[in-house]
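Engineer: Have a look at this one before I ask anything.
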Amino acid sequence: VRWDLDVNDWGWNQFSIFGDSLFHEYTLPLYSNDKWHDNLIKIQSFVIHTPLNAKVEIDYFRIVHAGPIPEVTRFKAWRTIFKSGEAIPLLATIKNSGDEAASIRSELVLPPGATLLQGGTQMEHGEMYGDMLDSLEWHVRFDQTGDYDLALNLITESDTVASILHMPVTGEYWEQDEFLLSAWSPPYAWYPPPYQQAVVDTYANAHFDVALWARPEDDLTQLFENIGMKYFILVTNILGGDEYLREPSGDVAPELTPEMLARLDPIIEKYRDNPNVIGYHICDEPYDVAFPNIGKVVRYIRERDPKRLCFVNIWPGDSSPKYRTYIENLLDETSLEHLSYDRYVFFNNYDGGSFFSNMRVVREYALRYNLPFFNIIQAIGTNGTVESRLNWRTPSEGVHRWQAYASLAYGARGLIWFHWHGNWGVTGNPDREKIIASLTKINPGIKALGQEMLEQNLRSISTTHTIPKTGDESDYPEDQTITSVSPAADLLLGFFKNESDDDFVMIMNKNYTDSVTATIYSGYYLPELHVFEADSMRWKSQKTTNENLGSAFNVTIEPGGGKLFETGKKVLVGVRQNAKMPATTRLFQNHPNPFNPKTKITYELVNAGWVQLIVYDILGREVQMLADEQQNAGKHSVNWSASHLANGLYFYRLRTGGNIFVRKMLYLR
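Going by this note's numbering, 648 is the number at position 61 of the sequence shown; the sequence numbering is gapless.
Spelled out as structure tokens, the structure:
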């Protein structure tokens, strides 16, 4: 038997067989040289040498045994750019790709200068059977810039496999300092000169302060700068256009050459020090075959102009695994510093779906990669235009507002209206005056609120739909200020925290036809409640009523609108008055159970006292101390993640007041 290897080499093994007309299995190694180990890619030939005149017939042959094969199937960072001083989450997935169980141990090897913030360097995965998977998570930090290599070793009794993660750590990168408010197809988007300042002024009068692109050679850039408008430089066409960066004519995009990338040099040199230039507009809605080329462009620009944004807008989608893979591959292959997508759902006579499911997935990956996301939303209808086949209706002011404030409630850091200039944009639309009036009216409030959320550095915690449709989030998050609302109010609640861990909530009216007045309830006392006024760009006090079970306040919101509230530091009801205390100390079954990888452990204390809550593995070894402190009487909950541990049975033990309580829980991936 002879085999080929991926190191341009080959090997062979000769063995004797039995010629007795019976079926036989033969065990032999498919490598006999260390340099070939793990490099076999194909069995090239199987040759039988027989005596003269012998009759040989092979019905079939198969590989019946490969042994354990430890493999690192994924070793990555949940970041597109590695910033010095920042906690960087890492993920690894390991697998036994063989057909025999083996005990596997993993070892993370950190280079000098790397600090491990979370997770361990050694992990016993136990007996892993064929095709069994396990995952590992860490957080690391690099205080100095430079190139670092992290190694993940998988160790079995007979083998060691290594995987390397290269991490170039930098201190120079784009940082968003303004909420992005723009429109697709800005003034003269596809038009040659001459250009008129009045056309640009009309765009600015609608309170847009960013033009999404301008060609690098155009005098249009000067018209933008005359009124202090910022803009992106369009580089798509000089890099081969859609054939290279969006939708190649073949299955594979032609490769961007160094000579093509060098076309960027004079553009970067011209605009590098221009304060009006936000970044470079690369492409729109690319297919995944174009990702390698986009990544080349991003890295090329970042090496020469690292503090500018490389803008790419992606396809709309849904919550399917395919769309999730599309987004993750985009970020991993291109290293973009943002996410931007478009979704238009308002048609003649009906509203389409997927607005929230699409935004939910984009928000999820933006949070996971610590990136801002921008939403491109519908400004226009298509009746009476060259694109009437799309069957979009002209949105009302309430619908315009609905799209904007729903996006803000999900944590969007920018809004882009589709679209402005052209024969079926706002400027060429039969409803031109109506659309311009609507956007001119609502844009200032959107900008003011979005900018305040950006400057407060509010991070999205969760969202809740009070009257959910299929797929909408409906649970109120734990330890958040809002616990219920008026039953009939159809609201979207976006929960946020700032760097001081203060609570904020965006309350959005999902009815784009009528205003809503609702009562908002909190299970906490709210000593101070403030609401942000977009008109004055100030916070003002909001009246609350305090009751035995917490606080409440009333809110009135215009059609499709939203309001941002700061609840500050909430106060537990039990601190203000004696709440109903449990009759006995109890340890409840964790929920969910089985779990993957997170679960919640809840217990009740009849008296205040010292509490220890510890998780143990099946051998009785301590896995993690969840509590070791003085606690008040009442109900307590702890969230626990086993993402860094192997599958299996675990125990959790509560010790307090001389009593011990133990329960089992099962971790299944």
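Even glycine gets a Cβ: it sits at the ideal position worked out from N, Cα and C.
Between which two residues does the alpha helix (DSSP H) harbouring Thr1027 extend?
Structural biologist: Counting along the chain, Thr1027 sits inside the alpha helix (DSSP H) bounded by residues 1019-1042.
Engineer: If you draw a straight line from the alpha carbon of Glu711 to that of Arg1208, how long is it in whole angstroms?
Structural biologist: 13 Å
Engineer: In the DSSP assignment, what are the bridge partners of Asn1246?
Structural biologist: Thr1243
Engineer: Note down the Cα distance separating Ser693 from Trp771, rounded to an integer number of angstroms.
Structural biologist: 49 Å
Engineer: Note down the Cα distance separating Ser1087 from Thr912, rounded to an integer number of angstroms.
Structural biologist: 34 Å
Engineer: By Cβ distance below 6 Å, which residues in the same chain neighbour Ser1228 in space, the five residues on each side in sequence not counted?
Structural biologist: The beta carbon of Ser1228 sits closer than 6 Å to those of Pro1184, Lys1185, all from its chain and outside the five residues before and after it, given in chain order.
Engineer: Whose C-beta lies closer than 8 Å to the C-beta of Lys1167 among residues of the same chain, with five residues either side of it excluded?
Structural biologist: Note that Lys1167 scores 44 on pLDDT, short of 50, meaning its location in the model is unreliable and no value can be drawn from it.
Engineer: Considering just the uninterrupted stretch of the beta strand (DSSP E) at Leu1153, what are its terminal residues?
Structural biologist: Residue 1153 is actually Glu in this sequence, not Leu. It spans 1149-1155 - the beta strand (DSSP E) in which Glu1153 sits, taken as one unbroken run.
Engineer: What is the DSSP secondary structure of Pro755, reduced to helix, strand or coil?
Structural biologist: strand
Engineer: Could you have a look at Val1225 and say whether DSSP puts it in helix, strand or coil?
Structural biologist: For Val1225, the three-state secondary structure derived from DSSP is strand.
Engineer: Could you give the DSSP three-state label for Lys1167: helix, strand or coil?
Structural biologist: The predicted model places Lys1167 with a pLDDT of 44, which falls under 50 and marks its position as unreliable; any figure quoted below should be read in that light. Lys1167: coil per DSSP, three-state reduction.
Engineer: To the nearest angstrom, how far is the alpha carbon of Gln709 from that of Leu1002?
Structural biologist: For Gln709 and Leu1002, the distance between alpha carbons rounds to 45 Å.
Engineer: Tell me whether Asp721 is buried or exposed, calling it buried when 16 or more other Cβ atoms sit within 10 Å of its Cβ.
Structural biologist: buried
Engineer: State the start and end residues of the unbroken beta strand (DSSP E) segment that holds Asp829.
Structural biologist: Here Asp829 belongs to no beta strand (DSSP E); instead the alpha helix (DSSP H) covers 829-832.
Engineer: Quick one: what's Val1198 bridged to in DSSP?
Structural biologist: Glu1216, Thr1243
Engineer: Hey, Ala996 and Met1124 are a contact pair by Cβ (cut 8 Å); roughly how many whole angstroms apart?
Structural biologist: The C-beta distance from Ala996 to Met1124 rounds to 19 Å, too long to fall under 8 Å, and the pair is not in contact.
Engineer: Ignoring anything shorter than 4 residues or poking outside the region 737-818, list the alpha helix (DSSP H) runs there in chain order.
Structural biologist: 784-792, 807-813
Engineer: Is it right to say Arg988 is buried, meaning 16 or more other beta carbons lie within 10 angstroms of its own, or is it exposed?
Structural biologist: buried
Engineer: Take the Cβ of Ser975 as the centre, count every other Cβ of all protein chains shown within 10 Å, and call the residue buried at 16 or more, exposed below.
Structural biologist: By the C-beta density criterion, Ser975 is exposed, having fewer than 16 other C-beta atoms within 10 angstroms.
Engineer: Hey, how far is the Cα of Ala738 from the Cα of Thr680?
Structural biologist: 14 Å
Engineer: In the DSSP assignment, what are the bridge partners of Ser1087?
Structural biologist: Answer is none; Ser1087 lacks a bridge partner.
Engineer: Go ahead and pull the three-state DSSP assignment for Val1160.
Structural biologist: With a pLDDT of 48 at Val1160, under the threshold of 50, the modelled position of that residue is not reliable, and the figure given next carries that caveat. Of the three classes helix, strand and coil, the one that applies to Val1160 here is helix, per DSSP.
Engineer: If you scan the region 942-969 from start to end, which runs of the alpha helix (DSSP H) of 4 or more residues do you find wholly inside it?
Structural biologist: 942-955
Engineer: Would you tell me roughly how many angstroms separate the C-alpha atoms of Asp764 and Ile1033, rounded to the nearest one?
Structural biologist: 16 Å
Engineer: At what residue ranges does the region 1036-1081 contain a whole run of the beta strand (DSSP E), taking only runs of 3 or more?
Structural biologist: Runs found: 1046-1052.
Engineer: Assuming Leu799 and Ser769 form a contact by the criterion Cβ under 8 Å, report the distance between their Cβ atoms to the nearest whole angstrom.
Structural biologist: 5 Å
Engineer: Kindly indicate which residue of Val986, Leu1036, Ile967, Ala991 has the alpha-carbon position closest to the one of Asn1010.
Structural biologist: Ile967
Engineer: Are the CB atoms of Ser1138 and Phe1082 nearer to each other than 9 Å?
Structural biologist: no
Engineer: In chain order, which alpha helix (DSSP H) runs of at least 4 residues are fully inside the region 971-1019?
Structural biologist: 984-996
Engineer: Give me the DSSP bridge partner(s) of Lys894.
Structural biologist: Under DSSP, Lys894 forms no beta bridge with any residue.
Engineer: Sort out for me which residues DSSP pairs Met710 with in a bridge.
Structural biologist: Ser693
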